[in-house]
Ligand code: 5GP
Ligand code: MN
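In the working numbering, the protein residues as written are 824 to 1158.
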């Protein structure tokens, strides 16, 4: 993978460009993809954003989201776009299998592939150019850096600013996680100068759910949470019938795992959800406990030191039992 600055000169030659991100895109994945989309359009390129799967309803207000192709819904059209692309940008993921059924078409595409990402241990050999920086708050911050460092800040528009703000806001827990640097605040200042209405973004993302989701959270906190004080750990498990009973959709469970870390002394929070097809884990920690490593070693996943995910095809009960078994190895680290 060559350094991304070697790609900057090519930004000035109009090209057919595909932008994609990880499956079930979150605020940072969708925000960085659409932020880059608006910028590349302003630079004169022909641009298509392809999401590997559907996404949460709370992202549907984002400028440009109506142009995004869902690979699972429009497979032939998406494959045509991938085959015809001169350049494919891959955002907010480190390994190609995070794009689910797009992994093979992306591998097969014979074009320039560019990675912009902040997760641990990227699959560098799969990309022509790229930047991977785990110290960055978000991929949106990195797309902003890409625009500034390539000398094109004048091509950053208000719609792009709204998209990029979204990912910085969601990936920093609204500007509280340690990666929220002075540079992040300077970036936000620049976006504000462009006319960004930040309250609109917060309201659209965080205060835009249906009643059932809040009742579901209450139910889960009362009935599905186990606090293991001997490990300073809290575990939550959500069954298939819980999801059905409260009509829980993609995105409704986002942020649920963070409640676990609000308990005094708890340093490790783990949530497992019995999704269709697989059991999906979310891990969060405070301090030095490395959940990226934990997810890789035990639950076929990865991510960042303090936020990671994983998956398993075993039953929910088997996953919960395995968690309770492996956590014993970490008692010392979690003190
Ligand atoms: P979340 O718990 O919000 O789904 O994910 C937390 C972090 O871990 C995100 O940065 C996400 O990209 C990453 N992540 C989630 N699931 C997986 C997975 O199965 N594999 C890998 N490598 N990373 C994941
Ligand atoms: Mn991210």
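Here a beta-carbon is modelled for each residue, glycine too, at the ideal position from N, C-alpha and C.
This structure is a prediction, so every number in the text was calculated from the model and none was measured.
Using only CA atoms, which one of the options lies nearest to residue i?
| i | options | result |
| --- | --- | --- |
| residue 987 | 1147, 970, 1090, 845 | 970 |
| residue 1002 | 1026, 972, 983, 1127 | 1127 |
| residue 1125 | 1140, 1139, 1143, 1106 | 1106 |
| residue 1024 | 1007, 984, 837, 946 | 984 |
| residue 948 | 1055, 1099, 909, 917 | 917 |
| residue 778 | 1078, 993, 1086 | Outside the modelled stretch of the chain, which goes from 824 to 1158, sits residue 778, for which no answer is possible. |
| residue 874 | 1047, 900, 964 | 900 |
| residue 1139 | 1133, 962, 1095, 827 | 1095 |
| residue 1155 | 1055, 889, 904 | 1055 |
| residue 1119 | 942, 891, 866 | 942 |
| residue 956 | 925, 939, 1064, 858 | 939 |
| residue 1066 | 1038, 980, 904 | 1038 |
| residue 846 | 854, 896, 924, 859 | 924 |
| residue 877 | 864, 898, 1134 | 898 |
| residue 1098 | 1085, 1145, 1137 | 1137 |
| residue 829 | 926, 889, 908, 954 | 954 |
| residue 1084 | 1100, 1102, 1048, 1064 | 1048 |
| residue 1053 | 1152, 1032, 1017 | 1152 |
| residue 972 | 834, 1116, 1123, 936 | 834 |
| residue 991 | 974, 1009, 977, 976 | 1009 |
| residue 884 | 1028, 967, 952, 1141 | 1028 |
| residue 933 | 950, 1046, 1145, 1031 | 950 |
| residue 863 | 958, 967, 915 | 967 |
Quick one: give me the first and last residue of the alpha helix (DSSP H) that residue i is part of.
| i | result |
| --- | --- |
| residue 1051 | Not the alpha helix (DSSP H): residue 1051 falls in the beta strand (DSSP E), residues 1048-1051. |
| residue 858 | 850-865 |
| residue 1068 | 1063-1068 |
| residue 1095 | Counting along the chain, residue 1095 falls outside any alpha helix (DSSP H), though it belongs to the beta strand (DSSP E) covering 1091-1097. |
| residue 970 | 962-972 |
| residue 1028 | 1021-1029 |
| residue 905 | 898-907 |
| residue 988 | 981-994 |
| residue 1078 | Premise fails: residue 1078 is in no alpha helix (DSSP H) and is neither H nor E. |
| residue 930 | 926-931 |
Tell me, to the nearest whole angstrom, how far the beta carbon of residue i is from that of residue j; I am working on the premise that it is less than 8 Å.
| i | j | result |
| --- | --- | --- |
| residue 880 | residue 1074 | 6 Å |
| residue 872 | residue 856 | 5 Å |
| residue 1057 | residue 1092 | 5 Å |
| residue 964 | residue 1007 | 6 Å |
| residue 882 | residue 850 | 7 Å |
| residue 1143 | residue 1060 | 5 Å |
| residue 982 | residue 887 | 7 Å |
| residue 1149 | residue 1129 | Contact flag wrong, Cβ pair sits at about 19 Å. |
| residue 1035 | residue 1069 | 5 Å |
| residue 865 | residue 980 | 6 Å |
| residue 1013 | residue 960 | Residue 1013 to residue 960, Cβ: 15 Å. No contact. |
Run through the DSSP bridge pairs and tell me what residue i is partnered with.
| i | result |
| --- | --- |
| residue 893 | 874 |
| residue 842 | 872, 912 |
| residue 1057 | 1050, 1092 |
| residue 955 | 940 |
| residue 836 | For residue 836, which the question treats as bridged, DSSP gives no partner whatsoever. |
| residue 1004 | BP columns for residue 1004 are empty, so no partner. |
| residue 826 | 953 |
Could you check where the beta strand (DSSP E) with residue i kicks off and where it finishes?
| i | result |
| --- | --- |
| residue 1102 | 1102-1108 |
| residue 938 | 935-940 |
Got a sec: does the ligand ATP put a non-hydrogen atom nearer than 7 Å to the Cβ of residue i?
| i | result |
| --- | --- |
| residue 940 | Ligands in the displayed structure: the ligand 5GP and the ligand MN; the ligand ATP is not one of them. |
Next on the checklist: Just to confirm the assignment: which complete beta strand (DSSP E) runs, minimum length 3, are found wholly within the region 1105-1139?
Outcome noted: 1130-1135
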